[in-house]
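So the structure is just underneath, and the comments pick up after that.
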Amino acid sequence: MIKKYVRRIMIILLCCFIFMTGMILYLYFNASHIQNRIKEKVCAAVLKHQDDLLTTIEEFKGSQKEILFYNNKNQGSETCCYKELNNKTVNKVFKDFRLAEIRCLKSGTVIFSVRPTIISSLRDTYLYGFYYTGGNQLECDAAIEGEEIIYGGKYWYKTEKIDENWYFYESKIILYQWFKYMDKSKLL
């Protein structure tokens with residue numbers, strides 16, 4: 032009787048393992064396609080919710096804080112958790128866009144950073160978000176690419192215009208290029 036239950040449990044665990052492995056492999060090998068879909072969805076959501084985002088910017092600037100965080104872990108004199116503003120629109124924006132933080136730069140640019148997803152941890156370090164500039168100026172050039180900022184790694188940052196004052200940004204640090212520097216003659 033006990034063997035029967037152990038066998039069922041083992042089969043269930045094996046099925047779960049195979050399913051999870053398949054999901055991870057799918058995400059890993061389709062990461063660039065998923066990243067493009069993320070960009071399309073974020074850009075469409077920014078256009079759809081512009082009024083809420085502008086209201087959030089006004090509330091945020093009125094709070095005299097430099098950074099609004101998703102959680103309370105990083106509290107400081109210039110930061111606070113978004114829930115402390117006690118504003119329905121700000122709460123809605125944080126929830127709808129899955130924001131990690133909103134940061135206001137001295138130039139007046141307001142950066143909305145999205146919380147990392149599983150794709151960020153599986154495929155290098157992929158971060159993305161969007162930002163608002165009042166003067167219709169890019170926070171950075173359209174594309175930056177640098178080699179060896181991190182030993183054996185590569186970094187790139189790209190910005191694309193969504194609307195008149197809204198931009199989508201994405202950055203990536205590729206850490207796993209150590210094989211590029213190996214002596215290939217020793218492999219043969």
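Following my numbering, the numbering of the sequence shown begins with 32 at its first residue and continues without gaps.
Glycine residues also receive a C-beta, built at the ideal position from the N, C-alpha and C atoms.
So what does DSSP say about residue 137, is it helix, strand or coil?
coil
In three-state DSSP terms, what is residue 63?
helix
Nearest candidate by alpha-carbon position, reference residue 90, set 35, 123, 79
123
Hey, would you say residue 200 sits closer than 8 Å to residue 189, going by beta carbons?
yes
With a 10 Å radius around its C-beta and 16 neighbouring C-beta atoms as the bar for buried, classify residue 43 as buried or exposed.
exposed
Should residue 77 and residue 204 be called a contact, given that it needs their Cβ atoms to be closer than 8 Å?
no
Going along the chain, which residues of its own chain have a beta-carbon closer than 6 Å to the beta-carbon of residue 113, five neighbours each way excluded?
99, 121, 125
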